[in-house]
Each structure stands twice: as structure tokens, then as C-alpha cells.
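Take a look at the structure set out below.
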Amino acid sequence: MSHVWRVGVVTVSDRCAKGERKDEAGPLLKERVKRMDGEVSEYTVVPDEVDAIERTLITLADAEQCDLVITTGGTGFALRDVTPEATKRVIRRNVPGIPEMMRMETRKKTIMSALSRSVAGIRGRTLIVNFPGNPQAIEECFDVIEPLLPHALHLLRQNVDHDVSENATRTDG
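In terms of my numbering, the sequence shown opens at residue 2 and continues consecutively.
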């Protein structure tokens with residue numbers, strides 16, 4: 002049975018947030034999400050500020066109940082690149098294999114992939130994954146993890162469905 006995943010896309014960029022540069026990364030991710038039976042339920046652009054990123058991730062995971070939240074940008078070495086720090090503040094469980102796999106596979110195309118500080122983790126039933134801001138790097142990273150996403154999201158959905166039914170039948174005695 003196919004499931005349409007609710008996905009939040011967050012572009013992290015000071016210049017895009019100020020309207021000084023057109024966001025190319027967010028629309029690219031939106032296109033990739035459509036190809037994996039995903040529906041972009043929320044798309045936003047935020048500045049490179051830990052608190053703004055953190056608030057957005059919490060809203061998308063908790064209030065909007067997205068199955069997947071993908072960020073793009075803010076994963077490099079620049080002082081304003083703080084997306085991984087914000088993500089680490091909101092996730093409850095780390096999923097190191099996803100960014101490790103993205104770095105390992107894209108390393109075959111560029112040594113610069115080693116400079117990515119992307120992280121991935123789980124908040125509630127939401128998987129959050131940091132992508133680089135470069136459109137070519139986004140394509141390459143998405144190609145690497147796309148086969149994993151439906152299974153990972155299904156597991157998170159299954160756990161929630163199980164927890165809900167288990168709690169409904171549990172009695173305190």
C-alpha cells in the first residue's frame with residue numbers, strides 16, 4: 002500500500018530570507034519530494050539563526066506533524082552555518098547513518114563532501130535530515146538516501162500507530 006508522506010522543506014539562508022537571492026534549493030527539494038510519493042505540506046525560508054531554525058523544525062515536527070522535514074543550507078564551515086546545531090537541539094534520537102552515507106557516496110564525486118556537517122535525527126515520529134545548500138549536492142545526496150526514506154518513514158509511522166493502539170488497550174491496575 003502506497004502512502005503519501007507529509008514533508009516540510011526548510012531553506013536556511015540569510016540572503017534568501019531577506020529576498021536578496023532567489024531560493025533554488027528549496028524548489029529543487031520540493032520536486033524531489035514529489036517523485037518519492039511525498040507531498041510538500043510546508044515550505045519556508047528562514048535566516049541562518051539557531052533559534053529561527055529550531056522554532057521552525059519544532060513547528061513542522063510537532064504542530065504540522067510532518068513525516069519528514071528536509072533542511073537545505075547552513076551545513077558548511079561558515080560562522081553563520083548553524084543548521085546542524087539547531088537540528089541537534091530539537092531531535093530526540095540521532096540517525097548518523099543517513100548523513101554518513103550521503104558523505105561517503107558523494108565523496109566519490111567530490112572530496113568537498115567531507116566538509117558537510119549535515120545531521121539527521123528523529124523528533125517524535127518525524128525524521129529530520131539536513132541537506133547541503135548547493136543544488137548539485139542536493140541532487141547527489143537525495144539520490145543516495147531516497148531508497149531508504151519510504152522504509153524509514155514507514156517504521157516511524159508504524160511505531161506511532163502501535164504506540165497509540167497499545168496505549169488505548171493498556172489499563173492501570
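Even for Gly, the Cβ is constructed at its ideal location relative to N, Cα and C. Computed from a predicted structure; not experimentally measured.
Simplified DSSP assignment, three categories, for residue i
| i | result |
| --- | --- |
| A53 | helix |
| E86 | helix |
| L154 | helix |
| R171 | For R171, the pLDDT reaches just 39, beneath the cut-off of 50, and the residue's location in the model is therefore unreliable, although a value from the coordinates is still provided. In this structure, R171 counts as coil in the three-state DSSP scheme. |
| G134 | coil |
| G39 | strand |
| R7 | strand |
| L58 | helix |
| L69 | strand |
| L149 | coil |
Pair within 8 Å by beta-carbon distance, residue i and residue j
| i | j | result |
| --- | --- | --- |
| A139 | L58 | The identity of residue 139 in the sequence shown is Ile, whereas the question assumes Ala. Cβ distance not < 8 Å, so I139 and L58 don't count as in contact. |
| G74 | V13 | yes |
| E40 | V96 | no |
| E86 | K110 | no |
| L1 | D68 | Past the edges of the chain, shown from 2 to 174, lies residue 1, and the structure says nothing about it. |
| G27 | V10 | yes |
Distance between beta carbons of residue j and residue i, contact taken as under 8 Å
| i | j | result |
| --- | --- | --- |
| R108 | A62 | Their Cβ separation, rounded to whole angstroms, is 30 Å, which puts R108 and A62 out of contact at 8 Å. |
| P100 | S119 | 4 Å |
Residues bridged to residue i [DSSP beta-bridge criterion]
| i | result |
| --- | --- |
| G122 | N95 and I129 |
| V46 | T12 |
Best match in the options for proximity to residue i [C-alpha to C-alpha]
| i | options | result |
| --- | --- | --- |
| E43 | K19, V8 and E21 | V8 |
| I92 | M113, D49, M102 and V70 | V70 |
| D144 | E65, D82, R33 and R126 | R33 |
| I129 | S114, T111, E106 and I54 | I54 |
| R126 | R158, K110 and I112 | R158 |
| T72 | R22, K31, R94 and L80 | K31 |
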